[in-house]
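Under UniProt numbering, the first residue of the sequence shown carries the number 1, and numbering increases by one thereafter. Heads up, the thing below is written out as structure tokens.
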Amino acid sequence: MADPRGPSASGESGGAAAAILQIPGAPNAPGPGGDPARRAGVLNNRVFQFSFGMPFSSHVEADNVRHILTRRTQLRWPVQRELYVNGRILVLRLTAEDRALLQTAVDFCLEQISLVMWTLQNFVPHLFPQSQHRRGP
1 MADPRGPSAS
11 GESGGAAAAI
21 LQIPGAPNAP
31 GPGGDPARRA
41 GVLNNRVFQF
51 SFGMPFSSHV
61 EADNVRHILT
71 RRTQLRWPVQ
81 RELYVNGRIL
91 VLRLTAEDRA
101 LLQTAVDFCL
111 EQISLVMWTL
121 QNFVPHLFPQ
131 SQHRRGP
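In structure tokens, the structure reads:
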């Protein structure tokens, strides 16, 4: 699989955001001795991952948003979060062993990203010059 930090996974092509769910490993492999009852335990070792890339007009803009989100997206459950800037792309990667917890973390982080973007576009227009046109004369 391609490196998620590369341009193809970060949403740089076409400017669209990318979301990737990854489930590594072989979940149907039998346990020791091939016992089907032991095979069910392998399902607990699945790791789910969500990656999201958001393009900005510059590295500085992406890094400003990363800095704000670093404090706003402190997760209190067993979900690992990576938030970094690659060029002008802000990348959020969440990893968890529980699909429901991952979905909750994804929802929370996307809500926070939306809130931060709305706030910056409406109250800090020097960071986002195009937002001045959206607010009207």
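Cβ atoms here follow ideal geometry from the backbone N, Cα and C, with glycine treated the same way. Just so we're clear, the structure is a prediction, and the values are computed from it rather than from any experiment.
>> I want to see whether chain D comes within less than 7 Å of glutamate 111, judged by CB atoms only; does it?
In response: In summary, chain D is missing from the structure at hand, where a single protein chain is found.
> Is the distance from the Cβ of valine 85 to the Cβ of alanine 62 below 7 Å?
Replying inline: Contact: yes.
> For valine 91, which three-state DSSP category applies?
Replying inline: If DSSP states are grouped into helix, strand and coil, valine 91 belongs with the strands.
>> Among the candidates Ile89, Val79, Leu90, whose CA atom is the shortest distance from the CA of phenylalanine 108?
In response: When each option's Cα is compared against that of phenylalanine 108, the closest is Val79.
>> In the DSSP output, which residue or residues are listed as bridge partners for isoleucine 54?
In response: Note that residue 54 corresponds to methionine in the displayed sequence, not to isoleucine. Residue pairing of methionine 54 in beta bridges, as defined by DSSP: Leu90.
> Should phenylalanine 123 be labelled buried (16 or more other beta-carbon atoms within 10 Å of its own) or exposed?
Replying inline: So phenylalanine 123 counts as exposed.
> What's the call for alanine 40, buried or exposed, on a 16-neighbour Cβ count within 10 Å?
Replying inline: Interpretation of alanine 40 is limited by its pLDDT of 46, a score under 50 that renders its predicted location unreliable; no figure is taken from the coordinates.
>> I'd like to check one pair, arginine 93 with serine 57: are the Cβ atoms closer than 7 Å?
In response: For the 7 Å CB-CB criterion, serine 57 and arginine 93 do not form a contact.
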